[in-house]
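K.L.:
Please read through the structure below; I'll follow up with questions.
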Amino acid sequence: MNPAIDKLVKYMRLEAKRGHDNRAVLGGLQRMLEPWEAEARQTGLSQPLIETVVSRLRDYPNLSPTSRKEVLQGIWNRLQTEHPEMNMTGGDLESPPAAPVKDERQSIQATEEREETPSEVPHPTPEPGKAKIERKPNKSRAAPPLSDHPALEAPLTRIQGIGPKSANTLKKLDLETLGDLLWHLPRRYDDYSKLKTINRLWYGEEITIIGTVDKIQVRTARGGKMKIVEAAISDGTGSLRLTWFNQPWIADRLKPGRAVVVSGKVDQYLGRLTMNNPEWEPLERKQLHTNRIVPVYPLTAGITAKWIRRLMNNVVPRLAPRVQDSLPDSVLERADLIPLGEALQQIHFPDSWEQLEKAQHRLAFDEMFLLQLGVLRQKQEWEQQAADPIPIEPKRLDEILAALPYELTKAQRSAVDSVRKDLAAPHPMNRLLQGDVGSGKTVVAAVAMAIVASNGKQSALMAPTSILAEQHLLTLRDLLPMIAGIPADSIRLLIGATPEAEKAEIRTGLVEGSIPIIIGTHALLEDPVEFADFSLAVIDEQHRFGVEQRAKLRAKGDNPSLMVMTATPIPRSLALTVYGDLEVSVIDEIPPGRQKIETRVLQPIERTRAYSFTRSQIDAGHQAFIIFPLVEESEKIDAKAAVEEHERLQAEEFNGYKLGLLHGRMSADEKETAMAQFRAGEIDAMVSTSVVEVGVDIPNATVMLVEGANRFGLAQLHQFRGRVGRGAYKSYCLLIADQEDETANKRLSAMESTDDGFKLAALDLEQRGPGDFLGTRQSGFAELRMASLTDVRLIEKARREALRLFAVDPMLSQPEHAALNKAMARFWIGMTREVS
1228 MNPAIDKLVK
1238 YMRLEAKRGH
1248 DNRAVLGGLQ
1258 RMLEPWEAEA
1268 RQTGLSQPLI
1278 ETVVSRLRDY
1288 PNLSPTSRKE
1298 VLQGIWNRLQ
1308 TEHPEMNMTG
1318 GDLESPPAAP
1328 VKDERQSIQA
1338 TEEREETPSE
1348 VPHPTPEPGK
1358 AKIERKPNKS
1368 RAAPPLSDHP
1378 ALEAPLTRIQ
1388 GIGPKSANTL
1398 KKLDLETLGD
1408 LLWHLPRRYD
1418 DYSKLKTINR
1428 LWYGEEITII
1438 GTVDKIQVRT
1448 ARGGKMKIVE
1458 AAISDGTGSL
1468 RLTWFNQPWI
1478 ADRLKPGRAV
1488 VVSGKVDQYL
1498 GRLTMNNPEW
1508 EPLERKQLHT
1518 NRIVPVYPLT
1528 AGITAKWIRR
1538 LMNNVVPRLA
1548 PRVQDSLPDS
1558 VLERADLIPL
1568 GEALQQIHFP
1578 DSWEQLEKAQ
1588 HRLAFDEMFL
1598 LQLGVLRQKQ
1608 EWEQQAADPI
1618 PIEPKRLDEI
1628 LAALPYELTK
1638 AQRSAVDSVR
1648 KDLAAPHPMN
1658 RLLQGDVGSG
1668 KTVVAAVAMA
1678 IVASNGKQSA
1688 LMAPTSILAE
1698 QHLLTLRDLL
1708 PMIAGIPADS
1718 IRLLIGATPE
1728 AEKAEIRTGL
1738 VEGSIPIIIG
1748 THALLEDPVE
1758 FADFSLAVID
1768 EQHRFGVEQR
1778 AKLRAKGDNP
1788 SLMVMTATPI
1798 PRSLALTVYG
1808 DLEVSVIDEI
1818 PPGRQKIETR
1828 VLQPIERTRA
1838 YSFTRSQIDA
1848 GHQAFIIFPL
1858 VEESEKIDAK
1868 AAVEEHERLQ
1878 AEEFNGYKLG
1888 LLHGRMSADE
1898 KETAMAQFRA
1908 GEIDAMVSTS
1918 VVEVGVDIPN
1928 ATVMLVEGAN
1938 RFGLAQLHQF
1948 RGRVGRGAYK
1958 SYCLLIADQE
1968 DETANKRLSA
1978 MESTDDGFKL
1988 AALDLEQRGP
1998 GDFLGTRQSG
2008 FAELRMASLT
2018 DVRLIEKARR
2028 EALRLFAVDP
2038 MLSQPEHAAL
2048 NKAMARFWIG
2058 MTREVS
């Protein structure tokens, strides 16, 4: 048996024996995936099988014991199907042996023996007396831009062969209407269009052959629990052995002498080429499962690949032409797009890879185009709100800037000029201020607050953590008295840990207007907090706040301006989509005097050296951060792990040094006490989880040591790196990987080669997807079905067309745009809309 399979089987059997408690492997089954995947590749396991195992076990710790059992059984069944040698070893996954789990292939047998093949799509006229089916939008994906053709809203039971039982099974895939079925898109395609003779077959190929059945037999294995169909076919150049597991009905259909088309992957058993569980069809029938590019659909228990493919083949050709194309002809022509009906036909049953690419491009364009129209409309709605202008004389602004202890970079000055113009407009500002670590965003926010205060109005800055809020308080109390004459004691802090008496005093000052600037956390959102004239909301690290939280803060004023800041550089593709309704200022220059941080990626074997270097920096009078990744989803478990690691380091690597500790379960008071001691130099090194990612400013810290660095995204590692090098001393970032895996750690090398946060962010987006950038803002963007948020060319193309159309008909009220307006409304139902 393949050693990787053997190892996996041992893990799975032990896990089953333990009652699926995820402790068969130290740290959980998910911890063994990377080394197992590497071994599986080296020993020649098929890529689809490897991907199946990895994808199913990645989320294993988040499942219930029952679901874990189902996952392991599914993998077990797949292993037995693809590797017949397992059937010879005997035994089941469960120990002691349990009753065999019903294999999905039995569903194929039952379904195909009944010939429950859908044969007729209903006439577009709905049944008399039947109400139109109302469906709640599926928030896991954007709603498809269908037309309102009656046939598309008809229930699936209108199809001959789909009874209540089949309809209930299809409902598990969110399929309830014919329109749902049309938009149940393939998840991948198998290319069986390559036809070969048997004597030209190679191991590992996915091909199609035509041959004649020479013989066929059924035998049993595993004590009669499994039936195996074995057939031999020939084509005049050679013969090939075919094997099917638990599909005995095939023997009744494949009679000797029958000509068949067979498609699948060429395998090998006992030195002979074979195919296991191949797709097959009689030669005289039009090929649907073989000899073509074959769609592979998402499935559920009781639904088989062949059955749903037959269903789609009967439905799509009849329904696709009935879908009204929502895009105007002018857009189709300029963007070089195929009609929607043709795209839907080709996305399900492509005639060629070229046609499939055209279909995919058309559907991806539709998503991006509707997305762009939506964000443009949001932007227009924002600009139509009224707000009191907040002007400042150019001379007064120059005085403010001249009072700064340093000269602004060109990028900072450009951002200040944009903010000044926004505040002077008769509508509220809606600006995203993004910049690399240490680029100086806070001073731009400070100037904005100074302008607002000079008009007798109030500002609030909301940060995601008390540590970051307290850091902003220190910075603004240094800057604003100097540049705007605002008394330091009138700049106040409101966080959860603020004493009740002080909270009451602050609330009174805000209502009376004696506090021009308030800095805080979620505590600012509490109902008792009211303002006299709230005119500017500044939200730092905005992706950590939800739509409702931002809206609740703005609701405390009369259309206050909004400035959102992020230290995570946002790639251009996201700036044009997710943040397309905001004006964007980019600070892409680092102020003079900032140190270049030397970064090194280290293997686990070099850990001792890294700690030795860290001690030498402490001995030289400096301080350090030591970051540990979140291993568990539970914050409570992670806090315990952080405490244990802190104790180990204190006793072993840093015996004689003073170590601090920060983690998410500590109270705000505990965190502030630890940070105050760190700032005062009473702590040599701070052991922390990722809570130090932003906002911590310790100029004396020269070492950022990150354990398990490959568990973090590049953008997050760049944020960690930005916590050092903030003083006059040479600083270092040491990234220690979890394991010596060249492939897994390759992306970390980008941290060594560049300190450009925008380049790293673009790499992160490409490798990890948009989740880290989106946070809670419009999380539906992460669920686009066809379009990719990394495809800049498609995004720019869609935005060009959207801007052109929006300039002519922003409300899509013209008759020729009625279908497009409906499509956009339906599309945005499935998105999480921004209401900042």
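Using our numbering, the first residue of the sequence shown is number 1228, and each one after it goes up by one. Think of the CB as a built atom: it goes at the ideal place given N, C-alpha and C, for glycine as much as any other residue. For clarity, every value in this text was computed on a predicted model and none was experimentally measured.
Anyone know if the C-beta pair for Ser1553 and Asn1682 falls short of 9 Å?
P.N.:
Cβ atoms of Ser1553 and Asn1682: not closer than 9 Å.
K.L.:
Compute the distance between the beta-carbons of Phe1758 and Gln1877, then report whether it is under 9 Å.
P.N.:
Against a cut-off of 9 Å, the Cβ pair of Gln1877 and Phe1758 comes out as no contact.
K.L.:
Okay, do the stretch 1448 to 1459 and the stretch 1525 to 1533 touch, 3+ Cβ pairs below 8 Å being the bar?
P.N.:
Because the criterion of three Cβ pairs below 8 Å is not met, the stretch 1448 to 1459 and the stretch 1525 to 1533 do not touch.
K.L.:
Can you give me the Cβ contacts of Val1558 inside the same chain, cut-off strictly under 6 Å, excluding the 5 residues immediately before and after it?
P.N.:
Cβ neighbours of Val1558 beyond the five flanking positions: Glu2028.
K.L.:
Using C-beta distances below 7 Å, list every residue in its chain close to Trp1303, excluding the 5 sequence neighbours before and after it, in chain order.
P.N.:
Here the set comprises Met1239 and Leu1320.
K.L.:
Please state whether DSSP places Leu1235 in a helix, a strand or coil.
P.N.:
Three-state DSSP puts Leu1235 in a helix.
K.L.:
Are the stretch 1798 to 1808 and the stretch 1776 to 1788 touching, with three or more C-beta to C-beta distances below 8 Å?
P.N.:
Cβ pair count under 8 Å is below three, so no.
K.L.:
Closest to Asn1937 by C-alpha separation, out of Ala2050, His1873 and Pro1831, would be which residue?
P.N.:
Taking only the C-alpha atoms, the option nearest Asn1937 is Pro1831.
K.L.:
Using the Cα positions of Arg2053 and Leu2039, report the straight-line distance between them to the nearest angstrom.
P.N.:
When rounded, the distance between both Cα atoms is 14 Å.
K.L.:
Given a cut-off of 9 Å, decide if Glu1309 and Leu1276 are closer than it, judged by their beta-carbon atoms.
P.N.:
Against a cut-off of 9 Å, the Cβ pair of Glu1309 and Leu1276 comes out as a contact.
K.L.:
Whose C-beta lies closer than 8 Å to the C-beta of Leu2021 among residues of the same chain, with five residues either side of it excluded?
P.N.:
Contacts found: His1588, Ala1591, Phe1592, Met1595, Ala2014 and Ser2015.
K.L.:
Tell me which residues share the same chain as Pro1577 and place their Cβ nearer than 6 Å to its Cβ, disregarding the 5 neighbours each side in the sequence.
P.N.:
Here the set comprises Ile1520 and Leu1583.
K.L.:
By a C-beta neighbour count over all protein chains shown, 10 Å radius and 16 as the cutoff for buried, is Lys2024 buried or exposed?
P.N.:
When all chains shown are included, Lys2024 counts as buried.
K.L.:
Can you tell me which of the three DSSP states Asp1705 falls into?
P.N.:
Here Asp1705 sits in helix by DSSP.
K.L.:
Decide yes or no for the touch test of the stretch 1383 to 1392 against the stretch 1462 to 1475: beta carbon pairs closer than 8 Å, at least 3 of them.
P.N.:
Contact between the stretch 1383 to 1392 and the stretch 1462 to 1475 is absent, because fewer than three Cβ pairs lie under 8 Å.
K.L.:
Measuring only the C-alpha atoms, how far is Glu1307 from Ile1535?
P.N.:
The displayed chain sequence assigns Gln, not Glu, to residue 1307. Cα-Cα distance, rounded: 24 Å.
K.L.:
Given Ser1466, which residues of its chain have a CB within under 6 Å of its CB, disregarding the five upstream and five downstream residues?
P.N.:
Excluding residues within five positions, the ones whose Cβ falls inside 6 Å are Ala1459.
K.L.:
Using DSSP bridges, identify the partner residues of Lys1454.
P.N.:
Answer by DSSP bridge pairing, in chain order: Thr1447.
K.L.:
With distance defined between alpha-carbon atoms, name the residue in Arg1953, Arg1821 and Pro1691 nearest to Gly1723.
P.N.:
Measuring from the Cα of Gly1723, the nearest candidate turns out to be Pro1691.
K.L.:
Restricting to runs no shorter than 3 residues, where is the beta strand (DSSP E) found entirely within the stretch 1710 to 1782?
P.N.:
You should have 1718 to 1721, 1744 to 1747 and 1761 to 1767.
K.L.:
Assign Tyr1496 to buried or exposed, taking buried as 16 or more other Cβ atoms, counted over all protein chains shown, within 10 Å of its Cβ.
P.N.:
By the 10 Å Cβ count, Tyr1496 comes out exposed.
K.L.:
Just the C-alpha distance for His1350 and Ala1378, rounded to the nearest angstrom, thanks.
P.N.:
Low confidence applies here, because His1350 scores a pLDDT of 40, under 50, leaving its location unreliable; read the following figure in that light. Cα to Cα, the separation comes out at about 7 Å.
K.L.:
Name, in chain order, the residues that DSSP records as bridge partners for Thr1793.
P.N.:
Paired residue(s): Gln1661.
K.L.:
Once DSSP output is grouped into helix, strand and coil, what is the label at Ala1579?
P.N.:
One point to set straight first is that residue 1579 is Ser, not Ala, in the sequence displayed. DSSP places Ser1579 in coil when its eight states are reduced to three.
K.L.:
Arg1827 and Leu1962 look like a contact to me (Cβ under 8 Å); what is the Cβ gap, rounded to whole Å?
P.N.:
Confirmed, about 7 Å.
K.L.:
Would the stretch 1444 to 1451 and the stretch 1627 to 1647 be scored as touching if the rule is three or more Cβ pairs under 8 Å?
P.N.:
With a cut-off of 8 Å, the stretch 1627 to 1647 and the stretch 1444 to 1451 do not count as touching, because too few Cβ pairs lie within range.
K.L.:
Tell me the residue span of the beta strand (DSSP E) that contains Gln1257.
P.N.:
From DSSP, Gln1257 is part of no beta strand (DSSP E); its letter is neither H nor E.
K.L.:
Looking only at C-alpha atoms, which of Lys1244, Leu1412, Lys1392 and Ile1232 sits nearest to Leu2011?
P.N.:
Cα-wise, what sits closest to Leu2011 is Leu1412.
K.L.:
Give me the Cα-Cα distance between Leu1235 and Val1493, rounded to the nearest whole angstrom.
P.N.:
Each residue's alpha carbon lies about 23 Å from the other.
K.L.:
Count the other CB atoms within 10 Å of the CB of Ala1369; is the residue buried (16 or more) or exposed (fewer)?
P.N.:
Low confidence applies here, because Ala1369 scores a pLDDT of 42, under 50, leaving its location unreliable and the question unanswered by this model.
K.L.:
Taking Val1542 as part of the alpha helix (DSSP H), name the residues at either end of that continuous run.
P.N.:
Element bounds for Val1542: Ala1532 to Leu1546.
K.L.:
Measure how close the beta-carbons of Val1542 and Leu1405 come, nearest whole angstrom, since I'm counting them as under 8 Å.
P.N.:
Yes, Val1542 and Leu1405 are in contact; Cβ-Cβ is about 7 Å, under 8 Å.
K.L.:
Considering only the alpha carbon of each residue, which of Arg1245, Pro1230 and Leu1290 lies closest to Pro1262?
P.N.:
Measuring from the Cα of Pro1262, the nearest candidate turns out to be Pro1230.
K.L.:
With 16 other CB atoms within 10 Å as the buried threshold, where does Tyr1430 fall?
P.N.:
Per the 10 Å Cβ criterion, exposed.
K.L.:
Residues in its own chain within less than 6 Å of Ile1667 by CB, not counting five upstream and five downstream?
P.N.:
Per the sequence shown, the amino acid found at residue 1667 is Gly instead of Ile. Gln1639 and Pro1818.
K.L.:
According to DSSP, is Ala2050 part of a helix, a strand, or is it coil?
P.N.:
Helix.
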